[in-house]
Every structure is written in structure tokens, then in C-alpha cells.
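For reference, the structure discussed in these notes is given below.
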Amino acid sequence: MSFIYVDVTPEQIAKAIKIRKSRDEQYGNIYHEVDSDLRWVGDLGEICFNKWLKGKGLTGFEWHLDNAAGKPDFTINGVKIDVKTVKRKVPPRMNYTAQITARHKDTPVDELFFFSYEFQIKRLWFLGGIKKKDFLKKADYFKAGDRVHSNYVIREGHEIYNAPIEILLKPDDWINDIK
Numbered sequence: 084m085s086f087i088y089v090d091v092t093p094e095q096i097a098k099a100i101k102i103r104k105s106r107d108e109q110y111g112n113i114y115h116e117v118d119s120d121l122r123w124v125g126d127l128g129e130i131c132f133n134k135w136l137k138g139k140g141l142t143g144f145e146w147h148l149d150n151a152a153g154k155p156d157f158t159i160n161g162v163k164i165d166v167k168t169v170k171r172k173v174p175p176r177m178n179y180t181a182q183i184t185a186r187h188k189d190t191p192v193d194e195l196f197f198f199s200y201e202f203q204i205k206r207l208w209f210l211g212g213i214k215k216k217d218f219l220k221k222a223d224y225f226k227a228g229d230r231v232h233s234n235y236v237i238r239e240g241h242e243i244y245n246a247p248i249e250i251l252l253k254p255d256d257w258i259n260d261i262k
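So the mapping is simple: my numbering equals the position in the sequence shown, first residue as 1, plus 83.
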């Protein structure tokens with residue numbers, strides 16, 4: 084599987100931080116986070132996804148910025164999409180996994196699209212997309228205390244569904260299915 088990436092600009096990071104601050108003021112922060120969590124990377128993924136859609140010539144899609152809690156991040160031709168972004172120190176590897184927080188399992192979306200943000204060099208990797216129902220069929224559930232791998236133990240309130248990234252459609256194949 085090949086990945087595409089974009090180098091993120093300081094302006095995109097500033098916009099992501101601003102969106103995250105606004106959303107935290109509107110909804111509160113439902114998770115206890117440590118400083119290194121860089122919670123705004125999810126917003127950065129949405130910013131870059133929006134730019135990517137425009138670059139692909141898509142029109143008529145919606146980015147749901149306001150009152151977004153419990154709703155899809157985007158709608159394209161009636162297809163509801165949740166964008167998921169994680170931070171990592173290194174580029175994606177084929178043995179990596181994609182995940183959604185268990186709290187988002189019942190969010191009313193049709194598709195999931197995954198990014199990996201290599202934060203030390205400010206690079207966002209487009210991993211691919213998948214129908215949510217297919218992701219959940221292939222994913223493993225990890226509860227608090229479970230060890231995903233040697234450096235990742237699930238914290239209370241951060242339970243996840245986790246699946247190998249090899250199940251994702253390549254970004255261009257995925258978007259062609261959505262259009």
C-alpha cells in the first residue's frame with residue numbers, strides 16, 4: 084500500500100488550534116488529556132481533508148464545523164464521513180493500525196477516513212478510508228488496561244476499536260467510490 088502526504092503549514096496548525104479551542108469552549112473537553120496529546124490534530128486532519136476534496140474537484144460537499152458534536156465531519160453526496168487523525172513520531176508502517184474511540188462507535192456516519200500526523204516534521208499522511216460497518220467487523224475492541232502493543236495501554240475512558248491499516252482503501256480509490 085502506498086500513502087500520500089502533505090507537509091502541514093504553520094497557518095494550518097494555527098487554524099486547527101483555533102478550531103479546537105472553539106470546540107472545547109462550546110462542548111467542553113470530554114477527555115482528560117496530557118499536554119503531549121496534541122488534541123488539535125483531529126482538526127488538522129479535517130482542514131487537510133477539506134483542502135484535498137477541493138483539490139480533487141469535488142463540489143457540493145459539506146464540512147460540518149458548527150455544532151459538530153455527535154455528527155459527521157463531512158457529507159459528500161449524502162455520504163456521512165468521520166475523519167480520524169492520530170499523531171505519531173514516524174511515518175506510517177504497514178503493520179500500523181487505525182482506530183476509533185469506542186465512544187464514536189455509534190456516531191451516525193457511513194464512512195471513516197484515516198490520517199497519521201508525523202508531528203516532529205509536521206507531515207500528514209493520508210492512510211485511506213473504509214465503510215464504518217466494514218471497519219467495525221474487522222476491528223478488535225480494546226478496553227481500559229488492555230495493551231494494544233508494548234508502548235500503548237488503553238486508559239480509562241479511551242477504549243478503542245482497532246484494525247490493521249491494510250484493510251483501508253487507498254485514498255484515491257476511496258474518494259472515487261464516494262464521488
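All C-beta atoms in this analysis are idealised placements derived from N, C-alpha and C, irrespective of residue type, glycine included.
Because the structure is a prediction, the values reported are computed rather than measured.
Query raised in the report: Do you know whose CA, among D90, L127, Y88, I87, lies nearest A97's CA?
Result: Cα-wise, what sits closest to A97 is L127.
Query raised in the report: Identify the residues that DSSP records as bridge partners of G125: which are they?
Result: None; G125 has no bridge partner.
Query raised in the report: Given K263, which residues of its chain have a CB within under 6 Å of its CB, disregarding the five upstream and five downstream residues?
Result: No statement about residue 263 is possible, as the shown extent of the chain runs from 84 to 262 and does not include it.
Query - Spatial neighbours of L251 in its chain, beta-carbon cut-off 7 Å, leaving aside the 5 residues before and after - result: A181, F197, L210, G211, G212, I213
Requested in this report: Please determine if the region 242-250 and the region 211-231 are in contact, where contact requires at least 3 C-beta pairs separated by less than 8 Å.
Outcome: yes
Query raised in the report: Any idea what DSSP makes of A99, helix, strand or coil?
Result: In this structure, A99 counts as helix in the three-state DSSP scheme.
Query raised in the report: Is P175 closer than 8 Å to I258 when the C-beta atoms are compared?
Result: No, they are not a contact pair.
Query raised in the report: Among the residues of its own chain, which have a CB less than 8 Å from the CB of W208, if the five just before and after it don't count?
Result: F86, I87, Y88, P174, P175, F198, S199, Y200, E201
Requested in this report: Can you tell me which of the three DSSP states P254 falls into?
Outcome: helix
**Report entry** Residues near F144 by beta carbon distance below 8 Å, same chain, minus five either side
**Finding:** Excluding its 5 nearest sequence neighbours in each direction, F144 has C-beta neighbours in its own chain below 8 Å: L136, F157, T158, I159, N160, listed in chain order.
Report task. Would you check if the distance between the CB atom of K170 and the CB atom of V124 is smaller than 8 Å? Result -> yes
Query raised in the report: When DSSP builds the beta bridges, which residues end up paired with I164?
Result: In DSSP, I164 forms a bridge with F157, E194.
Requested in this report: With L148 as the anchor, note down where its beta strand (DSSP E) starts and where it stops.
Outcome: Premise fails: L148 is in no beta strand (DSSP E) and is neither H nor E.
Query - Selected residue, minimal CA-CA separation from T142, among A152, D149, N133 - result: N133
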